[in-house]
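Report on the structure given below.
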């Protein structure tokens with residue numbers, strides 16, 4: 001009996017197979033037969049991410065079309081569940097911007113099943129675009145980002161006063177990311193307050209950014225009613241009084257501060273200005289904290305009547321990417337935290353009611369010979385440790401002694417990572433620690449550590465690879481990087497572009 005072809009498989013099984021295919025293979029599969037095309041087209045359009053202007057213009061033109069203009073008269077925009085628009089539009093001509101704005105508005109207005117919307121594209125944060133989002137997806141939207149642009153840049157003839165007539169209701173909205181720059185008209189503030197007020201008791205995640213806000217509190221319309229809010233991300237607040245007037249009663253468990261709240265790195269770590277940043281009554285259930293290192297004492301002050309149960313601490317956006325990819329958040333910071341300064345605040349960790357079990361910090365470098373003695377007293381309870389370095393550590397031969405000098409005193413530590421991501425950011429993705437590929441040396445270190453540290457299960461000496469403990473010993477996993485393909489940035493404009501833009 002001949003094996004059944006894909007065309008004869010039940011839809012459920014076919015859909016399961018397709019979900020495991022890569023984005024490159026799925027479109028080809030749709031061309032194999034009409035039945036497969038009909039069955040899997042919704043899956044193809046379910047998640048769309050637009051990261052370059054050419055693809056964005058073509059895609060939104062397609063999605064904005066009426067069903068009768070498509071093959072089989074399908075409304076393709078109605079299949080979209082996740083839609084991300086994030087690309088640099090500065091290279092587009094004025095006519096191209098206007099046409100893209102129109103097609104984006106048309107596409108959004110047809111996305112009747114959209115659940116997740118991420119928008120970060122200059123010029124197109126206009127009232128008409130957001131009105132299209134409201135008209136198309138207000139009933140189904142679960143998470144969304146909003147980033148209005150300055151009126152002088154709007155390419156679609158939007159009127160800020162039109163926002164006064166918008167009274168959106170988002171019955172499913174649970175997560176909002178909102179960026180309001182200083183040049184945003186007041187009508188935007190009123191509009192977004194209506195959005196937030198309508199979901200106050202149901203929001204679980206809120207991200208607020210404002211490049212000119214002295215305080216965070218005014219950005220909250222009715223925070224006392226936000227009983228469901230669990231995660232808060234703030235890029236707003238530019239002064240030490242940023243939390244002044246902030247109301248109690250929020251059950252925030254995860255807090256990310258992408259602002260130093262006006263406290264420079266050189267500021268004394270536990271003086272009265274730092275300690276008064278966060279009143280004792282705020283964030284009583286905080287479990288996750290990501291902030292600049294100089295702010296840590298404000299959340300774990302000495303002598304507090306009740307300490308917060310913080311279990312995860314990320315200082316200066318430090319993290320380890322298991323894919324070995326660098327990111328630019330390190331190079332965006334003009335000043336690299338010095339180990340001597342970061343060390344001073346780590347003593348706060350023992351005050352947590354958590355205790356802290358997951359720690360990541362970013363520093364300039366360390367001397368491998370003295371580092372264990374400088375660190376060991378602060379990580380007794382740590383189970384996962386990430387150290388991001390801006391430069392090569394010194395005296396690296398002494399890393400072989402870390403089992404005896406460091407890990408023997410950290411019985412809970414099962415994961416230890418060193419990251420060279422800032423080096424890659426600064427010098428190129430091909431650059432790493434000098435010992436990043438010294439795999440025999442790595443294994444020698446690990447075997448020596450094993451004489452003193454039995455809890456360690458995973459170790460990385462760079463973002464190039466990691467080691468995992470198995471029955472047969474330490475097993476190496478080398479991260480494969482996608483080959484960087486350089487595409488010609490110069491696009492051939494169609495006749496319409498030439499006619500309109502000259």
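In the UniProt record's numbering, the protein residues as written are 1 to 502.
No residue lacks a Cβ here, since even glycine has one placed at the ideal position from N, Cα and C.
Coarse secondary structure for residue 342, derived from DSSP in three states: Position 342 of the chain shown, counted from the first residue, corresponds to residue 342. Under the three-state reduction of DSSP, residue 342 is assigned to helix.
Local Cβ density within 10 Å of residue 460, reported as buried at 16 or more and exposed below that: By 1-based counting over the chain shown, the position of residue 460 is 460. It counts as buried.
Distance between residue 55 and residue 303 (C-alpha atoms, nearest Å): Taking the chain shown and counting its residues from 1, one reaches residue 303 at position 303. Taking the chain shown and counting its residues from 1, one reaches residue 55 at position 55. Residue 55 has its alpha-carbon roughly 57 Å from the corresponding atom of residue 303.
Nonlocal neighbours in the same chain, by C-beta distance under 7 Å from residue 76, ignoring five residues either side: Walking along the chain shown from the start, residue 76 turns up at place 76. Only 45, 62, 63 and 70 meet the Cβ criterion.
Where the beta strand (DSSP E) through residue 254 begins and ends: Taking the chain shown and counting its residues from 1, one reaches residue 254 at position 254. In the DSSP assignment, residue 254 falls within the unbroken beta strand (DSSP E) covering 254 to 257.
Residue 426 - DSSP class collapsed to helix/strand/coil: What you label residue 426 is simply residue 426 of the chain shown in a count that begins at 1. Looking at residue 426 - three-state DSSP - the assignment turns out to be helix.
Contacts around residue 85, its chain only, beta-carbon distance under 6 Å, and the 5 residues preceding and following it disregarded: One-based indexing of the chain shown puts residue 85 at position 85. Cβ neighbours of residue 85 within its own chain (closer than 6 Å, five residues either side excluded): 50, 119 and 121.
Euclidean distance between Cα positions of residue 162 and residue 130: The residue you call residue 162 lines up with position 162 of the chain shown. The residue you call residue 130 lines up with position 130 of the chain shown. If I take the Cα positions, the gap works out to 11 Å.
Cβ contact (3+ pairs, closer than 8 Å) linking the region 386 to 393 and the region 413 to 420: A contact exists between the region 386 to 393 and the region 413 to 420.
Inter-stretch contact at 8 Å, needing at least 3 Cβ pairs: the region 420 to 437 / the region 401 to 408: As far as the Cβ criterion goes, the region 420 to 437 does not touch the region 401 to 408, which means the pair count is below three.
CA-to-CA distance, residue 110 to residue 140, given in whole angstroms: The count along the chain shown starts at 1 and reaches residue 140 at position 140. The count along the chain shown starts at 1 and reaches residue 110 at position 110. So the alpha carbons of these two residues sit roughly 12 Å apart.
For residue 121, three-class secondary structure by DSSP: What you label residue 121 is simply residue 121 of the chain shown in a count that begins at 1. In the structure shown, residue 121 sits in coil (DSSP, three-state: anything other than H, G, I, E or B).
Distance, residue 124 Cα to residue 199 Cα: Translated into positions along the chain shown, residue 199 becomes position 199. Translated into positions along the chain shown, residue 124 becomes position 124. Roughly 25 Å between the two C-alpha positions.
Cα-Cα separation, residue 324 to residue 442: Sequence index remark: in the chain shown, residue 324 carries index 324 (1-based). Sequence index remark: in the chain shown, residue 442 carries index 442 (1-based). Low local confidence applies: a pLDDT of 47 at residue 324 is under 50, so the model's placement there is unreliable, and no value is given.
Buried versus exposed, by CB contacts within 10 Å (16 or more), residue 261: The count along the chain shown starts at 1 and reaches residue 261 at position 261. The residue in question, residue 261, is buried, as its Cβ has 16 or more Cβ neighbours within 10 Å.
Stretch-stretch touch, CB-based, cutoff 8 Å, three pairs: the region 280 to 291 with the region 336 to 347: Because the criterion of three Cβ pairs below 8 Å is not met, the region 280 to 291 and the region 336 to 347 do not touch.
Rounded straight-line distance, which links the Cα of residue 168 to that of residue 134: Stepping through the chain shown from its first residue, residue 134 is reached at position 134. Stepping through the chain shown from its first residue, residue 168 is reached at position 168. Straight-line measurement puts the Cα of residue 168 at about 6 Å from the Cα of residue 134.
Alpha helix (DSSP H) segment containing residue 296, residue limits: Numbered from 1 along the chain shown, position 296 holds the residue referred to as residue 296. Residue 296 -> alpha helix (DSSP H) spans 296 to 299.
The region 174 to 182 contacting the region 137 to 156, beta-carbon criterion three pairs below 8 Å: Touching, per the Cβ criterion.
Sufficient close CB pairs (3 or more, under 8 Å) joining the region 446 to 454 to the region 350 to 358: With the rule of 3 Cβ pairs closer than 8 Å, the region 446 to 454 does not count as touching the region 350 to 358.
Pick from 259, 230, 253 and 112 that is closest to residue 243, judged by C-alpha positions: On the chain shown, residue 243 is found 243 positions in, with the first residue counted as 1. Checked all of 259, 230, 253 and 112; the closest Cα to residue 243 is 259.
Residue 470, DSSP secondary structure in three states: Along the chain shown, read from residue 1 onward, the residue named residue 470 stands at position 470. Here residue 470 sits in strand by DSSP.
Inter-residue CB distance, residue 308 and residue 283 (contact presumed, cutoff 8 Å): Within the chain shown, residue 308 is the residue found at index 308, counting from 1. Within the chain shown, residue 283 is the residue found at index 283, counting from 1. With 8 Å as the limit, residue 308 and residue 283 qualify as a contact, their Cβ atoms being about 6 Å apart.
Distance CB(residue 299)-CB(residue 278) smaller than 8 Å: Position 299 of the chain shown holds residue 299. Position 278 of the chain shown holds residue 278. Yes, the pair counts as a contact, with Cβ atoms nearer than the cut-off.
Residue 136 burial status per 10 Å Cβ neighbour count (16 or more: buried): Within the chain shown, numbered from 1, the residue matching residue 136 stands at position 136. Buried, because 16 or more other Cβ atoms sit within 10 Å of the Cβ of residue 136.
For residue 60, the first and last residue of its enclosing alpha helix (DSSP H): If you number the chain shown from 1, residue 60 lands on position 60. That run of the alpha helix (DSSP H) goes 53 to 63.
For residue 314, the residue or residues it bridges with in DSSP: As a position in the chain shown, residue 314 is number 314, starting the count at 1. According to DSSP, residue 314 bridges with 290 and 360.
Segments assigned alpha helix (DSSP H), at least 4 residues, entirely inside the region 427 to 469: Within the region 427 to 469, the alpha helix (DSSP H) runs of at least 4 residues that lie entirely inside it are, in chain order, 439 to 449.
Straight-line Cα distance separating residue 422 from residue 375: One-based indexing of the chain shown puts residue 375 at position 375. One-based indexing of the chain shown puts residue 422 at position 422. CA-CA distance, residue 375 to residue 422, rounds to 21 Å.
Separation of residue 195 from residue 170, as counted between CA atoms: Locating residue 170 in the chain shown gives position 170, where the first residue counts as 1. Locating residue 195 in the chain shown gives position 195, where the first residue counts as 1. Residue 170 and residue 195: Cα-Cα distance of roughly 8 Å.
Residue 90, buried or exposed, once every other Cβ within 10 Å from all chains shown has been counted against 16: Residue mapping note: residue 90 aligns to position 90 of the chain shown, counting from 1. By the neighbour-count rule (16 or more Cβ atoms within 10 Å), residue 90 is not buried but exposed.
Reference residue 440, options 474, 367 and 251, closest by Cα: As a working mapping, residue 440 is identified with position 440 in the chain shown. Relative to residue 440, the option among 474, 367 and 251 whose CA is nearest is 474.
Residue 93, buried or exposed, once every other Cβ within 10 Å from all chains shown has been counted against 16: Stepping through the chain shown from its first residue, residue 93 is reached at position 93. Flag for residue 93 reads exposed.
Pair within 8 Å by beta-carbon distance, residue 228 and residue 204: For the purposes of this step, residue 228 is taken as the residue at position 228 of the chain shown. For the purposes of this step, residue 204 is taken as the residue at position 204 of the chain shown. Cβ atoms of residue 228 and residue 204: closer than 8 Å.
Exposure label - residue 184; buried when at least 16 CB within 10 Å: By 1-based counting over the chain shown, the position of residue 184 is 184. Classification for residue 184: buried.
Given residue 202 as reference, the closest of 344, 226 and 43 once Cα atoms are compared: For this step, residue 202 is matched to residue 202 along the chain shown. Nearest option by C-alpha distance: 226.
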